[in-house]
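Trainee:
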Ligand SMILES: Cc1cc2nc3c(=O)[nH]c(=O)nc-3n(C[C@H](O)[C@H](O)[C@H](O)COP(=O)(O)OP(=O)(O)OC[C@H]3O[C@@H](n4cnc5c(N)ncnc54)[C@H](O)[C@@H]3O)c2cc1C
Ligand SMILES: Cc1cc2nc3c(=O)[nH]c(=O)nc-3n(C[C@H](O)[C@H](O)[C@H](O)COP(=O)(O)OP(=O)(O)OC[C@H]3O[C@@H](n4cnc5c(N)ncnc54)[C@H](O)[C@@H]3O)c2cc1C
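Chains as they are written, first to last, in our numbering: chain A, 1 to 459; chain B, 460 to 918.
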């Protein structure tokens, strides 16, 4: 009998139909986003309570079975990919908002709550949760990848918005981290250690996250530029001069073409910034004026903005659909998203190099991203049956990472290491720092059972 | 020959006069702030380069000698207290600003740079570093205690303002953490693990920290209230309604009395908020109007504000001197500062309980603090020869911690655990979470040589 079969004996009785072993059921949990080959989990568990998670983890450890935590599988670097002989733990059913405390600008959620469901729940409070990856991801997944999105330039990433967690450790122990206070100097910062750990240290079963007031005025719109460089220079100067923009997204002409076709927009195929400003009516007007002054020197067209929330929703829906829009450019295509983030002063150079490298390789790839953070994505649009294209994409990706690291940037701004960036992690931090991460991993997960094969290269 | 004597043989030759063994020299490094008994280090090392730190750490590990990192010793919980048989490592001589990169809103410093020296160095750039504990502490010490100060309500604490570190591990290995990018999802968040670790995991030899633009307009002043509750309610509503105040400090009547006497102010002895607003001229006016509307319902007097930077400097100098001012209330007194931080909605109740408990115990103790963060301090003013007073202070402190923990707060908002809060850490996070912290400690510092006796209770 295999380890997994032994675990099944214990857990099937406990979870019933929520211990899924038949192929049709398991096939729904392949975490198939992104360019990594998606594996079929050998078994999928669907716990509903903290106690069930604790029991599962203790039993898995007892049986020596590996565990892969799973939100809704939208991560892009194979972060939640199935592992042979392991149990994938689908947390999407633990999706209750446990508490909203508007008076403390926070809420407490189970890990399977999605960002859209949370904001729906918050609607009546005048508060919102700002982190918005393009997919409707779970909070547990977003915490685990240290996700961000279009609002991070003003509101920070998951790193800045998680106050505390409850985590089940590999042996089934439940621990709290952090507190409900805005700051604390009490001991090691376990909250930030688990945030971004991609399910390799423990399973997050509860999170306390910060909320923000819905701004009095929201002004949003698009801004066309003569050239890519002018658009990026405008972003750089905006950040440098401290204009508190809420969103500042770049779409290059190829990205605009993709979005026009996919979302029915009619934007000119030129480098374009999608901008949003938050504040009082007076302050958003002030910010707009500051932006226009900056753009004027950089070949900006008219900054067309609107206060209409419905128009704004359409705009951001189109932006969020950029990845599927890219994929739709070619029949049966796969997209491969890079995730470079550089210090803001290096952004123009980074994006110019990216465009040149993509074109030199003859690849189809919109470039876009959360440029206010210095974070941009190249979406390679590839056919599965084009090995030469894949090899070229791989080479361009490595080249862009090398440039980013040479200027103090990072190989991943928000997608995490997963399977795809394991070698890059070593290049970025060096062998000694990664060895230290491994020592921490071994101290918390001595059996190496939490999401194996992610973050660290097999030896 | 003792371990320390063996280490001395190696290091004295290397560091010369910077390996201090004579008593008069060592006596200058007793880290005697706060209420903890200050010990005399057995030896003090003063490395000047990263290589010297690496050599020292490797040699100390080889000799089995413990190491106590030391900034300027202003921490308040005995965090940097000397340890028998250990070497205290004075880092105040590693005090170069290595790089200022205004275009990326960051700078790179050695650990011994003080906050005032850094801001002096930044003067010409239009940027500043906002974190300002009352003492002129070092960046290395501030990172290690996860310090904050009056500006944290708007600019965050050290947690939000450190982008990356270079750390020498107990075996002498040098590792980098973080990057110069604003965000990264690359591997475990070692930056935040070392931030707040109080010298128990490694020695920070370099830090990359965020800078902020000096605001166009700064409006600051004092605001008197009829009662403590009205002042605190005003703070609570201000935070809840998202007014982006830069500083919002409370001084109760006893604190005002102390500051009047010490700093030559003439403020009425009533609960008073010290407030500062940052933004455009228009926006600070807007913020002020919002504040006045909030205060009106809570017994506020006139909000007296000024744009004059010199007047503002006097104001904040007086606020920063609150601790010595309290000490000066009684001849030969010692102050003991508590450091509770609660969710903002619980602040009024927390402070009311603190005042009642202090008065019931018949103690002299100003109450003040960074109330915009939910963080307040009780400064017990005690004579060394008053054991009954000390015992009462201890009891009140425990009582206030218990209340804070019962509402999801923390026993320390910014001073750290040091020696004084080790039992409270266990009450706050529970034995299992603290056991996990110990496992991390053992993984990084297997010999237990980094700042022993801090954060964790001896077993
Ligand atoms: C169209 C599209 C657009 C995107 N845009 C963005 C973007 O703008 N910004 C961005 O940051 N990302 C973006 N992503 C990537 C993705 O949405 C994020 O990585 C997201 O955080 C994944 O959440 P998930 O719920 O799908 O998690 P999963 O993919 O299921 O899991 C992600 C990781 O978290 C771990 N995990 C999940 N839940 C838990 C838990 N409870 N405890 C412990 N570990 C757990 C998994 O093991 C895995 O390592 C996009 C993806 C798509 C498809
Ligand atoms: C009058 C007064 C007012 C204060 N007000 C505030 C306040 O408003 N906010 C606040 O947060 N604090 C405040 N403090 C406390 C104190 O200033 C902070 O704790 C500060 O962070 C200590 O810095 P330091 O350089 O003195 O460090 P030290 O006291 O020398 O050391 C502090 C800790 O950091 C470790 N350490 C120091 N340098 C390094 C390094 N390079 N690598 C690794 N570990 C290191 C030490 O081992 C120790 O554990 C105040 C103190 C005083 C006396």
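Ideal Cβ positions, reconstructed from N, Cα and C, are used throughout, including at glycine.
1) Counting only beta-carbon atoms, is residue 875(B) nearer than 9 angstroms to chain A?
2) Just to check, is the beta-carbon of residue 190(A) closer than 8 angstroms to a non-hydrogen atom of ligand 1?
3) If you measure from the beta carbon of residue 145(A) to each beta carbon in chain B, is any gap under 9 angstroms?
4) For residue 614(B) and chain A, any beta-carbon pair shorter than 9 angstroms?
5) Under 8 angstroms: does the beta carbon of residue 55(A) sit that close to some heavy atom of ligand 4?
6) Nearest chain A C-beta to residue 639(B) closer than 9 angstroms, yes or no?
7) Say whether the segment 646-654 of chain B touches the segment 716-723 of chain B, bearing in mind that this needs 3 or more beta-carbon pairs closer than 8 angstroms, one atom from each stretch.
8) Which partner residues does residue 337(A) have in the DSSP bridge list?
9) Let me confirm a value: residue 846(B) is counted as buried when at least 16 other C-beta atoms fall within 10 Å, else exposed. Which label applies?
10) Which residue wins for smallest C-alpha separation from residue 552(B), given the options 559(B), 504(B), 786(B) and 630(B)?
11) What is the residue span of the beta strand (DSSP E) that residue 488(B) lies within?
12) To the nearest angstrom, how far is it from the Cα of residue 614(B) to the Cα of residue 142(A)?
13) Are there three or more Cβ pairs, one per stretch, closer than 8 angstroms when the segment 463-474 of chain B is compared with the segment 95-103 of chain A?
14) Quick check: what's the CA-CA separation for residue 844(B) versus residue 509(B)?
15) Compare the C-beta of residue 891(B) with all C-beta atoms of chain A and state if any pair is closer than 9 angstroms.
16) To the nearest angstrom, how far is it from the Cα of residue 433(B) to the Cα of residue 451(A)?
17) Cβ closer than 9 angstroms: which chain A residues qualify as neighbours of residue 901(B)?
18) Mind pulling the chain A residues with CB within less than 9 angstroms of residue 862(B)?
19) From the beta carbon of residue 495(B), is the nearest beta carbon of chain A less than 9 angstroms away?
20) Take the Cβ of residue 460(A) as the centre, count every other Cβ of all protein chains shown within 10 Å, and call the residue buried at 16 or more, exposed below.
21) Does the Cβ-Cβ distance between residue 886(B) and residue 864(B) come in under 9 angstroms?
22) Chain A partners of residue 803(B), CB-CB under 8 angstroms?
23) Skipping 5 residues on each side, what residues in its chain have a beta carbon closer than 6 angstroms to that of residue 298(A)?
24) Which first and last residues belong to the beta strand (DSSP E) in which residue 574(B) is found?
25) Please indicate yes or no: does the CB of residue 476(B) lie closer than 8 angstroms to some heavy atom of ligand 1?
26) To which residues of the same chain is residue 656(B) closer than 7 angstroms at the C-beta, ignoring the five residues directly before and after it?
27) Is any beta-carbon of chain B found at less than 9 angstroms from that of residue 188(A)?
28) Just the Cα atoms here: how many angstroms apart are residue 836(B) and residue 796(B)?
29) Quick check: the segment 778-796 of chain B against the segment 82-97 of chain A, are there 3 or more CB pairs under 8 angstroms?
30) Let me know if residue 136(A) comes out buried or exposed under the rule of 16 or more other beta-carbons within 10 Å of its beta-carbon.
31) Can you tell me the Cα-Cα spacing of residue 740(B) and residue 518(B), whole angstroms?
32) Might you give, ordered along the chain, the residues of its own chain that have their beta carbon closer than 7 angstroms to the beta carbon of residue 210(A), omitting 5 neighbours on each side?
33) Going by C-alpha distance, which of 410(A), 202(A) and 457(A) is nearest residue 635(B)?
34) Excluding five sequence neighbours on each side, which residues of the same chain lie with their C-beta closer than 7 angstroms to the C-beta of residue 883(B)?
35) Is the distance from the Cβ of residue 526(B) to the Cβ of residue 514(B) below 9 angstroms?
Mentor: This is what the structure holds:
1) The sequence position of residue 875(B) within the second chain is 416, counting from 1. For residue 875(B), the answer is yes, since a Cβ of chain A falls inside 9 angstroms of its Cβ.
2) For this step, residue 190(A) is matched to residue 190 along the first chain. Checking every heavy atom of ligand 1 against the Cβ of residue 190(A), none is found closer than 8 angstroms.
3) To locate residue 145(A), count along the first chain from 1; it is residue 145. Closer than 9 angstroms: yes.
4) For the purposes of this step, residue 614(B) is taken as residue 155 along the second chain, with counting starting at 1. False, the Cβ-Cβ gap to chain A never drops below 9 angstroms.
5) Among the ligands present in this structure, namely ligand 1 and ligand 2, ligand 4 is not found.
6) Residue 639(B) sits at position 180 when you count from the first residue of the second chain. Yes, its Cβ sits closer than 9 angstroms to a Cβ of chain A.
7) no
8) Here the question's residue 337(A) lines up with position 337 in the first chain. Answer by DSSP bridge pairing, in chain order: 379(A).
9) As a working mapping, residue 846(B) is identified with position 387 in the second chain. When all chains shown are included, residue 846(B) counts as exposed.
10) Residue 552(B) sits at position 93 when you count from the first residue of the second chain. Out of 559(B), 504(B), 786(B) and 630(B), the CA that lies nearest to the CA of residue 552(B) is found in 504(B).
11) Within the second chain, residue 488(B) is the residue found at index 29, counting from 1. Boundaries cannot be given for residue 488(B), as no beta strand (DSSP E) includes it and DSSP labels it neither H nor E.
12) Numbered from 1 along the second chain, position 155 holds the residue referred to as residue 614(B). Numbered from 1 along the first chain, position 142 holds the residue referred to as residue 142(A). If I take the Cα positions, the gap works out to 24 angstroms.
13) no
14) Position 385 of the second chain, counting from 1, holds the residue named residue 844(B). Position 50 of the second chain, counting from 1, holds the residue named residue 509(B). Near 44 angstroms, if we compare the C-alpha coordinates of residue 509(B) and residue 844(B).
15) Sequence index remark: in the second chain, residue 891(B) carries index 432 (1-based). It does: the Cβ of residue 891(B) has a partner Cβ on chain A nearer than 9 angstroms.
16) In this structure chain B extends from 460 to 918, so residue 433(B) is not present and cannot be described.
17) By 1-based counting over the second chain, the position of residue 901(B) is 442. Correct list: 443.
18) Here residue 862(B) corresponds to residue number 403 of the second chain, with the count starting at 1. The premise fails here: residue 862(B) is roughly 13 angstroms from chain A at the closest Cβ pair, so nothing lies under 9 angstroms.
19) Indexing the second chain from 1 puts residue 495(B) at position 36. Not closer than 9 angstroms to any Cβ of chain A, the Cβ of residue 495(B) fails to qualify, so no.
20) The first residue shown for chain A is 1 and the last is 459, placing residue 460(A) beyond what the model contains.
21) Residue 886(B) sits at position 427 when you count from the first residue of the second chain. Residue 864(B) sits at position 405 when you count from the first residue of the second chain. It is a contact, given that the beta carbons lie within the stated cut-off.
22) Counting from 1 along the second chain, the entry for residue 803(B) is found at position 344. What residue 803(B) touches in chain A: 103, 104, 105 and 182.
23) By 1-based counting over the first chain, the position of residue 298(A) is 298. Contacts found: 230, 233 and 234.
24) Residue 574(B) sits at position 115 when you count from the first residue of the second chain. Where residue 574(B) is concerned, there is no enclosing beta strand (DSSP E), although the alpha helix (DSSP H) it sits in stretches over 574-581.
25) On the second chain, position 17 is the one that residue 476(B) refers to. For ligand 1, not one heavy atom lies less than 8 angstroms from the Cβ of residue 476(B).
26) Mapped onto the second chain, residue 656(B) falls at position 197. Excluding positions up to five away in sequence, the list reads 603.
27) Residue numbering aside, residue 188(A) sits at position 188 when the first chain is read from its first letter. Yes, contact with chain B.
28) Along the second chain, read from residue 1 onward, the residue named residue 836(B) stands at position 377. Along the second chain, read from residue 1 onward, the residue named residue 796(B) stands at position 337. Counting only the Cα atoms, residue 796(B) lies some 6 angstroms from residue 836(B).
29) With fewer than three CB-CB distances shorter than 8 angstroms, the segment 778-796 of chain B does not count as touching the segment 82-97 of chain A.
30) The residue you call residue 136(A) lines up with position 136 of the first chain. With fewer than 16 other Cβ atoms within 10 Å, it is exposed.
31) For this step, residue 740(B) is matched to residue 281 along the second chain. For this step, residue 518(B) is matched to residue 59 along the second chain. Roughly 57 angstroms separates the two Cα atoms.
32) Within the first chain, the letter at position 210 stands for residue 210(A). Excluding positions up to five away in sequence, the list reads 105, 106, 161 and 163.
33) For this step, residue 635(B) is matched to residue 176 along the second chain. With distances taken between Cα atoms, residue 635(B) lies closest to 410(A).
34) The residue you call residue 883(B) lines up with position 424 of the second chain. Counting only Cβ-Cβ distances below 7 angstroms, and skipping sequence neighbours, we find 860 and 870.
35) For this step, residue 526(B) is matched to residue 67 along the second chain. For this step, residue 514(B) is matched to residue 55 along the second chain. Residue 526(B) places its beta carbon 9 angstroms or farther from that of residue 514(B).
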